[in-house]
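First residue of the sequence shown: 1, per our numbering; consecutive thereafter. For glycine and all other residues, C-beta sits at the position ideal for the given N, C-alpha and C. Report on one structure; see the data block that follows.
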Amino acid sequence: MKQHKETLVFVGSLNRAVPHFAAANGRGISILSLDEESGKLRQLNELGGMDNPTYLAVVPSRTMLYATSETFGDAEGFIASYRYDDATGTMTEIGERRATRGSLSAHCSTDRDGRYAFVANYAHETPGEAPGRHVVAYAVQADGSLSAAVREFAHSGSGPNQERQGVPHAHCVVASPDNQFALVTDLGTDTISTYRIGGEECALLAPEIEALRVKPASGPRHLVFHPTLDCVYVVNELNNTLCRLSYDRASGALAIEQTIEVDVASSAAADIAIANDGRFLYASFRGADCIGVFALAEDGCIVECCGTHPSGGRTPRSFTLSPSGRFLLAANQNSDNLVVWRLDDANGCIVEKADQVEIGTPMCIKCVA
Numbered sequence: 001m002k003q004h005k006e007t008l009v010f011v012g013s014l015n016r017a018v019p020h021f022a023a024a025n026g027r028g029i030s031i032l033s034l035d036e037e038s039g040k041l042r043q044l045n046e047l048g049g050m051d052n053p054t055y056l057a058v059v060p061s062r063t064m065l066y067a068t069s070e071t072f073g074d075a076e077g078f079i080a081s082y083r084y085d086d087a088t089g090t091m092t093e094i095g096e097r098r099a100t101r102g103s104l105s106a107h108c109s110t111d112r113d114g115r116y117a118f119v120a121n122y123a124h125e126t127p128g129e130a131p132g133r134h135v136v137a138y139a140v141q142a143d144g145s146l147s148a149a150v151r152e153f154a155h156s157g158s159g160p161n162q163e164r165q166g167v168p169h170a171h172c173v174v175a176s177p178d179n180q181f182a183l184v185t186d187l188g189t190d191t192i193s194t195y196r197i198g199g200e201e202c203a204l205l206a207p208e209i210e211a212l213r214v215k216p217a218s219g220p221r222h223l224v225f226h227p228t229l230d231c232v233y234v235v236n237e238l239n240n241t242l243c244r245l246s247y248d249r250a251s252g253a254l255a256i257e258q259t260i261e262v263d264v265a266s267s268a269a270a271d272i273a274i275a276n277d278g279r280f281l282y283a284s285f286r287g288a289d290c291i292g293v294f295a296l297a298e299d300g301c302i303v304e305c306c307g308t309h310p311s312g313g314r315t316p317r318s319f320t321l322s323p324s325g326r327f328l329l330a331a332n333q334n335s336d337n338l339v340v341w342r343l344d345d346a347n348g349c350i351v352e353k354a355d356q357v358e359i360g361t362p363m364c365i366k367c368v369a
């Protein structure tokens, strides 16, 4: 087993050229160890053999990792299943790779119990693309591998931004803390849809309520649930805003309670995370290449922006908080580096760089205690 106070870090990188990304300098999936006392990183392993594993989902209870392949020009991507050794970081592929039933697979996740895996397909800016599914669910089998798709759904509509919102663009699927619903952001239609998580082999049920619509041309990208309250935070890529939503546990219904504009010129918001104790919210902004820190009240309200801090590189597409809450790890896509930042427990702010390692075109980072 891992040494005490060590955390596994998984990084998915771009290794095959895609027109809308500046470079593809990665080698695949990197596995590192983070010392939760010092913040230092140690390389454990590196896995190739998969094109553009740009998003990862980890299930620690089963020592399983799922990775989606995002390739340009293909009608479908795929999702692969890996078992990892939590002491050595060695990864072994399990079962068949499964088609994602849609293009530009941008996100994968699992339900809270690890019974199902979900994929959000961003899709090319091409009306009528086939098979054209935006949300896809798979059953997790006894050995941790995935079944073929058991449920798949296509969104419809568009948004006012003609360059980015000509068609639906599903961007993430996140299960609720009680595992009753999965919320799906759609950057192309400015909506957040609520899917009920089913039983047996159903995985997901079609939305029973109308999707929440955010301000036109916002471009909802990623979201996170508050750890204890019935609220959700969404980062909007196109207008660099954060939304706080109320969440109804019975129906999964959402309502906008607060919208915060972030002063980051010429930027595109990317990722979002919340502290384990619910006191601070974090968001990354590409262009300004920074991480914003936001203080939260006891009722979940965003009370102030505590400031922004450089991410330590260019294009912080993905970041994560370490399980201890002591560190923030930023994956800087266009500067080929991963930076570990120490956080101040009192105010949540970034206070110093703890470490930095070079990783080609890092696109997604996940930590597991």
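About 7 Å separates the beta carbons of Leu223 and Ile272, which is inside the 8 Å limit, making them a contact pair. DSSP places Asn179 in the coil class of the three-state scheme, outside both helix and strand. If you draw a straight line from the Cα of Phe327 to the Cα of Gly307, it is about 17 Å long.
Spatial neighbours of Glu152 in its own chain (CB-CB distance under 6 Å, excluding positions within 5 residues in sequence) are listed in chain order as Arg101, Arg133 and Val136. According to DSSP, residue pairing for Phe280 in a beta bridge involves Ala295. DSSP places Asn240 outside both helix and strand once states are collapsed to three, so it counts as coil. Contact annotation: Gly12 and Pro53 have beta-carbon atoms nearer than 8 Å. The beta carbons of Pro323 and Thr7 sit about 6 Å from each other, so the pair counts as a contact at 8 Å. Residues of the same chain with a CB within less than 7 Å of the CB of Ser147, apart from the 5 flanking positions on each side, are Tyr138, Ala139 and Gln141 in chain order. Beta-bridge analysis with DSSP links Asn121 to Ser105. A check of alpha carbon separations from Thr315 across Asn347, Ser267, Asp86 and Ser103 identifies Ser267 as the nearest. Burial is judged here by how many other beta carbons sit within 10 angstroms of a residue's own beta carbon; His20 has fewer than 16 and is exposed.
If the five residues before and after Asp336 are omitted, its C-beta is found closer than 7 Å to the C-beta atoms of Asn25, Glu358, Ile359, Gly360 and Thr361, all from its own chain and listed in chain order. Here DSSP, grouped into helix, strand and coil, assigns Pro60 to helix. Below 8 Å, enough C-beta pairs join the stretch 35-47 and the stretch 337-355 to call them touching: three or more.
Where Phe153 is concerned, the enclosing beta strand (DSSP E) starts and stops at Leu146 to Phe153. When the alpha-carbon of Gly325 is set against those of Cys367, Ser176, Ile302 and Gly312, the nearest one is in Cys367. For Ala24, no beta strand (DSSP E) run applies, since DSSP gives it neither H nor E. Minimum Cα-Cα distance from Met50 among the listed residues Ala250, Ala67, Arg42 and Ala211 corresponds to Ala67. Nearest to Gly219 by C-alpha distance, out of Glu163, Leu56 and Gln333, is Glu163.
Gln333 has its alpha-carbon roughly 30 Å from the corresponding atom of Cys231. Arg83 sits close to Thr63, with the two beta carbons spaced by under 8 Å.
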